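Asks:
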Amino acid sequence: MEGTQALRAPEPAGEGPRGERAAGPRRRPPLRRLATRPELGSVLGAVVVFAVFFAVAEPFRTASALGTVLYAGSTIGIMAVGVALLMIGGEFDLSAGVAVISSALTASMTAWWFGLNVWAGVAIALAVSLGIGFLNGWILVRTRLPSFLVTLAVFLMLQGLNVAVTRLVVDGVSTRNISDMDGFESARAVFASSFAVGGLNLRVTVVWWVLFTALATWVLLRTRVGNWVQAAGGDAEAARAMGVPVAGVKIGLFMTVGFFAWFSGMHLLFAFNTVQSGEGIGNELLYIMAAVVGGCLLTGGYGTVVGAAVGALIYGMTRQGIVYAGWDNYLVMFFVGAMLLAAVVVNGWFRAQADKGVGGP
Numbered sequence: 228m229e230g231t232q233a234l235r236a237p238e239p240a241g242e243g244p245r246g247e248r249a250a251g252p253r254r255r256p257p258l259r260r261l262a263t264r265p266e267l268g269s270v271l272g273a274v275v276v277f278a279v280f281f282a283v284a285e286p287f288r289t290a291s292a293l294g295t296v297l298y299a300g301s302t303i304g305i306m307a308v309g310v311a312l313l314m315i316g317g318e319f320d321l322s323a324g325v326a327v328i329s330s331a332l333t334a335s336m337t338a339w340w341f342g343l344n345v346w347a348g349v350a351i352a353l354a355v356s357l358g359i360g361f362l363n364g365w366i367l368v369r370t371r372l373p374s375f376l377v378t379l380a381v382f383l384m385l386q387g388l389n390v391a392v393t394r395l396v397v398d399g400v401s402t403r404n405i406s407d408m409d410g411f412e413s414a415r416a417v418f419a420s421s422f423a424v425g426g427l428n429l430r431v432t433v434v435w436w437v438l439f440t441a442l443a444t445w446v447l448l449r450t451r452v453g454n455w456v457q458a459a460g461g462d463a464e465a466a467r468a469m470g471v472p473v474a475g476v477k478i479g480l481f482m483t484v485g486f487f488a489w490f491s492g493m494h495l496l497f498a499f500n501t502v503q504s505g506e507g508i509g510n511e512l513l514y515i516m517a518a519v520v521g522g523c524l525l526t527g528g529y530g531t532v533v534g535a536a537v538g539a540l541i542y543g544m545t546r547q548g549i550v551y552a553g554w555d556n557y558l559v560m561f562f563v564g565a566m567l568l569a570a571v572v573v574n575g576w577f578r579a580q581a582d583k584g585v586g587g588p
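All letters in the sequence shown, in the order written, are residues 228 to 588 by our numbering.
(1) According to the Cβ coordinates, are residue 430 and residue 301 closer than 8 Å?
(2) Tell me the rounded alpha-carbon separation between residue 407 and residue 338.
(3) Can you have a look at residue 373 and say buried or exposed, based on whether 16 or more other CB atoms are within 10 angstroms of its CB?
(4) Between residue 521 and residue 311, is the Cβ-Cβ spacing less than 8 Å?
(5) According to DSSP, residue 424 sits in a beta bridge with which residue or residues?
(6) Using 10 angstroms around the beta-carbon of residue 511, count the other beta-carbons present and answer buried if the total reaches 16, otherwise exposed.
(7) Can you tell me whether residue 514 is buried or exposed, with buried defined as 16 or more other CB within 10 angstroms of its CB?
(8) Mind checking residue 508: buried by the 16 CB within 10 Å criterion, or exposed?
(9) Counting pairs of Cβ atoms below 8 Å between the region 288-302 and the region 468-476, do you hit three or more?
(10) Could you check whether residue 356 and residue 323 sit closer than 8 Å to each other, using their CB atoms as the reference points?
(11) So what's residue 504 in DSSP terms, helix, strand or just coil?
(12) When the Cα atoms are used, what is the spatial distance from residue 537 to residue 385?
(13) So for residue 401, helix, strand or coil by DSSP?
(14) Within the continuous alpha helix (DSSP H) that includes residue 332, where are the two ends?
(15) Say whether the region 391-409 touches the region 362-381, bearing in mind that this needs 3 or more beta-carbon pairs closer than 8 Å, one atom from each stretch.
(16) Tell me which same chain residues have a C-beta within less than 6 Å of the C-beta of residue 328, skipping the five on either side of it?
(17) Between residue 540 and residue 354, what straight-line distance do the alpha-carbon atoms span, to the nearest angstrom?
(18) Am I right that residue 532 and residue 480 are in contact with their C-beta atoms under 8 Å? What's the rounded C-beta distance?
(19) Looking only at its chain, what residues have a beta carbon closer than 7 Å to the beta carbon of residue 281, apart from the 5 residues adjacent to it on each side?
(20) Kindly indicate which three-state DSSP category residue 539 falls into: helix, strand or coil?
(21) Per DSSP, what kind of secondary structure is residue 284 in: helix, strand or coil?
(22) Which same chain residues end up closer than 8 Å to residue 273 when comparing Cβ atoms and leaving out the 5 residues on each side of it in sequence?
(23) Would the beta-carbon of residue 487 fall within 8 Å of that of residue 306?
(24) Cutting at 6 Å between CB atoms, please list the residues of its own chain near residue 321, excluding the five before and the five after it.
(25) Just mark residue 404 as buried or exposed, buried being the case when its beta carbon has 16 or more other beta carbons within 10 Å.
(26) According to DSSP, is residue 319 helix, strand or coil?
(27) With 16 as the cutoff for other CB atoms within 10 Å, does residue 415 come out buried or exposed?
(28) Where residue 332 and residue 309 are concerned, what is the direct C-alpha to C-alpha distance, given to the nearest angstrom?
(29) Are the beta-carbon atoms of residue 348 and residue 527 separated by less than 8 Å?
(30) If distances are taken between C-alpha atoms only, which option among 434, 558, 501, 563 comes closest to residue 519?
(31) State the start and end residues of the unbroken alpha helix (DSSP H) segment that holds residue 266.
(32) What is the rounded straight-line gap between the Cα of residue 476 and the Cα of residue 452?
(33) Terminal residues of the continuous alpha helix (DSSP H) containing residue 408?
(34) State the Cα-Cα distance for the pair residue 484 and residue 313, rounded to the nearest angstrom.
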């Protein structure tokens with residue numbers, strides 16, 4: 228696995244056992260190195276999807292369509308950043324979709340009920356979201372239960388709490404409109420504004436998506452923490468034996484997902500001014516789909532955040548391309564499922580090439 232390789236002590240680069248100079252590792256051919264990149268399959272898939280809808284849907288070729296596609300990709304892609312990191316670390320989170328709604332509900336209802344500036348609600352929602360992530364991670368490391376079971380249980384609890392608490396506080400299933408509350412305009416500018424670049428109208432979530440992807444990629448590839456994440460996902464016991472704080476890494480990854488759930492929830496709240504308490508169910512599968520299509524393995528230890536971003540972009544192109552082509556909207560989920568299945572097969576092949584290429588020419 229990438230993580231365990233990163234932790235392995237390097238071979239001495241000086242003299243060999245007989246006093247000869249070590250020749251050093253031979254570089255693999257460029258095509259072989261390219262074939263071992265986790266995100267290669269998703270990039271090729273993105274090219275194919277783009278070409279198909281560019282050919283069959285004339286509106287898909289416009290600048291406004293590009294802005295819409297990028298926005299659709301960003302709403303999934305921001306969460307896919309955290310989910311990809313978690314999957315590389317060997318876990319996944321089924322509560323991520325409803326956690327987004329829990330965050331939005333918390334910010335909206337606390338600000339409205341107590342008459343607070345909306346930024347106070349935003350801060351409280353951040354604390355709640357990080358707490359949910361911590362709870363997921365803490366239960367996981369204390370009980371050693373599979374993350375599937377832990378996060379499924381939290382998913383069900385959050386789903387019930389979202390609706391029950393909303394009914395208790397506002398006597399309905401959706402929150403009050405908060406557009407006239409103090410701090411709304413500045414919060415909207417941060418989480419849900421839009422701007423024009425030439426003839427292209429972009430939502431601010433696209434900018435945040437790119438920034439989060441770049442930051443997470445840097446952490447994963449250039450820092451000790453990223454090394455720990457890959458090691459914990461590749462072989463937790465071996466990583467623990469080498470001094471990696473596996474429990475802390477797992478909890479931290481779940482809290483990272485909590486952070487992105489908070490951010491996504493704030494976008495929903497300030498984009499639409501109100502939140503439906505029953506929303507979010509099923510979105511966790513889209514986040515996982517983006518990560519898997521992007522090259523992340525369900526077994527952990529392998530994948531990239533850039534690949535997950537490309538997977539989210541594929542979803543955005545598919546979702547909007549079907550609309551522009553005039554096809555039935557229900558085909559979106561059909562194509563999502565087909566892409567997921569194809570990604571598992573293709574990624575398995577690329578992973579086999581990567582394993583074959585280790586130490587090879």
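Cβ coordinates follow ideal geometry from the N, Cα and C atoms, glycine included.
Everything numeric in this text was worked out from a predicted model, so none of it was measured.
Replies: For this structure:
(1) The Cβ atoms of residue 430 and residue 301 sit closer than 8 Å to each other.
(2) Using only the alpha carbons, I get a separation of about 12 Å.
(3) The Cβ neighbour count for residue 373, taken over all protein chains shown within 10 Å, is under 16; the residue is labelled exposed.
(4) With contacts defined by Cβ atoms closer than 8 Å, residue 521 and residue 311 form a contacting pair.
(5) For residue 424, which the question treats as bridged, DSSP gives the partners 427.
(6) Result: buried.
(7) By the neighbour-count rule (16 or more Cβ atoms within 10 Å), residue 514 is buried.
(8) With fewer than 16 other Cβ atoms within 10 Å, it is exposed.
(9) Short answer: they don't touch.
(10) The answer is no: Cβ separation not under 8 Å.
(11) Looking at residue 504 - three-state DSSP - the assignment turns out to be coil, as it is neither helix nor strand.
(12) Roughly 29 Å separates the two Cα atoms.
(13) Correct three-state label for residue 401: strand.
(14) Start and end: 323-341.
(15) These segments do not touch.
(16) Excluding positions up to five away in sequence, the list reads 389, 506, 507.
(17) Distance between residue 540 and residue 354, taken at the CA atoms: about 30 Å.
(18) Actually they are not in contact, since the Cβ atoms of residue 532 and residue 480 sit about 12 Å apart, beyond 8 Å.
(19) 287, 288.
(20) Looking at residue 539 - three-state DSSP - the assignment turns out to be helix.
(21) Reduced to three states, the DSSP call for residue 284 is coil.
(22) If we look at residue 273 and ignore the five residues flanking it on each side, its Cβ neighbours are 537, 540, 541, 544.
(23) Their beta carbons are under 8 Å apart, which means residue 487 touches residue 306 by this criterion.
(24) Taking residue 321 as the centre and dropping the five residues before and after it, the same chain places the C-beta of 378, 379, 382, 511 closer than 6 Å to its C-beta, in chain order.
(25) Taking all protein chains in view, the Cβ of residue 404 is surrounded by fewer than 16 other Cβ atoms within 10 Å, so the residue is classified as exposed.
(26) In the structure shown, residue 319 sits in coil (DSSP, three-state: anything other than H, G, I, E or B).
(27) With 16 or more Cβ atoms within 10 Å of its Cβ, residue 415 is classed as buried.
(28) Within the model, the alpha-carbon separation for residue 332 versus residue 309 is close to 21 Å.
(29) Their beta carbons are not under 8 Å apart, which means residue 348 does not touch residue 527 by this criterion.
(30) Closest option to residue 519, judged by alpha-carbon separation, among 434, 558, 501, 563: 563.
(31) No alpha helix (DSSP H) contains residue 266, which DSSP labels as neither H nor E.
(32) Straight-line Cα distance between these residues: approximately 8 Å.
(33) Here residue 408 belongs to no alpha helix (DSSP H), and DSSP marks it neither H nor E.
(34) Residue 484 and residue 313: Cα-Cα distance of roughly 7 Å.
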